[in-house]
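In this note's numbering, the protein residues as written are 551 to 740.
Working notes, beginning with the structure itself.
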Amino acid sequence: MMIEKNIARKRMIERRNKLSEDEIKYFSLNIAANAYSFIKDNFFKNAAIYMSVKNEVRIEYIIKLDISKSINFYLPQYSRGNYMCFNKFENINSMKTDDYGILCPKGGCIIDIKEIDVFFVPGVAFDISGNRAGYGKGCYDKALNQAKDSLFVGVCYGFQLISDDELEFDGNDIKMHYMLTENGFVKANN
């Protein structure tokens with residue numbers, strides 16, 4: 551059965567908003583640890599992550615796990631035209647708020663998106679085929695379309711991964727290769 555993105559968004563955001571602070575931290579630490587192991591096991595050097603908002607998985611915890619500083623982390627910077635570029639994370643003191651109120655690096659190194667090995671992508675809902683429902687602006691789809699040789703990992707809580715239905719999708723949607731929840735990685739069957 552096909553689920554409309556707007557319906558999935560509403561349902562998942564309501565459920566996500568009910569998570570306690572302890573649940574968010576616990577699940578986020580598990581997910582960040584799995585993401586870190588995945589990066590190290592695959593010898594990736596450049597990883598795109600995000601700064602969480604609105605009870606999203608706090609994938610940014612991964613930065614604290616990289617004690618040796620062997621991974622270059624890049625964060626998205628959004629602009630009003632739904633354009634996204636990725637800047638290198640240096641430290642928490644070198645951050646600013648972008649046009650959408652999300653923390654991002656001040657200036658920093660803007661990397662050619664094709665040089666990023668793996669993207670950890672936030673979403674409101676994902677299905678087992680790798681389809682993603684974000685917030686509806688298309689920022690990630692536009693950016694990921696330029697990095698087709700990279701690996702895309704959708705990051706979500708287990709309840710946000712729809713396993714028995716499919717999300718509606720269109721020709722502009724970019725599918726994930728994997729989804730990562732507190733229960734580990736799920737390979738998309740696309």
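For each residue, glycine too, the CB sits at the ideal point set by N, CA and C.
Strand pairing of aspartate 677, partner residues [DSSP]: Partner(s): Ile712.
Rounded straight-line distance, which links the Cα of arginine 565 to that of glycine 684: Those two C-alpha atoms are separated by around 15 Å.
Residues near asparagine 739 by beta carbon distance below 7 Å, same chain, minus five either side: Here the set comprises Ile678, Ser679.
Residue interval of the beta strand (DSSP E) (run including tyrosine 728): That run of the beta strand (DSSP E) goes 728-731.
Neighbour-count burial assignment, methionine 601, 16 or more Cβ in a 10 Å radius: So methionine 601 counts as buried.
Sheet register partners of alanine 598 (DSSP bridge): Looking at the DSSP assignment, alanine 598 forms a beta bridge with Tyr624, Phe669.
Isoleucine 660 in three-state terms, based on DSSP: DSSP places isoleucine 660 in strand when its eight states are reduced to three.
Sub-7 Å separation of tyrosine 611 and leucine 569 beta-carbons: No, the Cβ-Cβ distance between tyrosine 611 and leucine 569 is not below 7 Å.
Host alpha helix (DSSP H) of lysine 614 (start-end): 612-615 is the span of the alpha helix (DSSP H), which, as asked, contains lysine 614.
DSSP three-state assignment for alanine 558, whether helix, strand or coil: Looking at alanine 558 - three-state DSSP - the assignment turns out to be helix.
According to DSSP, residues forming a beta bridge with alanine 683: Answer is Ala675.
Beta carbon of isoleucine 760 nearer than 7 Å to that of leucine 694: This structure gives no information on residue 760, because the portion of the chain shown stretches from 551 to 740.
Burial state of histidine 583 (16 or more Cβ within 10 Å): A small fix is needed here, since residue 583 is alanine in this sequence, not histidine. Classification for alanine 583: exposed.
For cysteine 706, three-class secondary structure by DSSP: In the structure shown, cysteine 706 adopts coil according to DSSP, grouped into three states.
Rounded separation between glutamate 718 and methionine 552 - CA only: So the alpha carbons of these two residues sit roughly 6 Å apart.
For phenylalanine 639, three-class secondary structure by DSSP: Here phenylalanine 639 sits in coil by DSSP.
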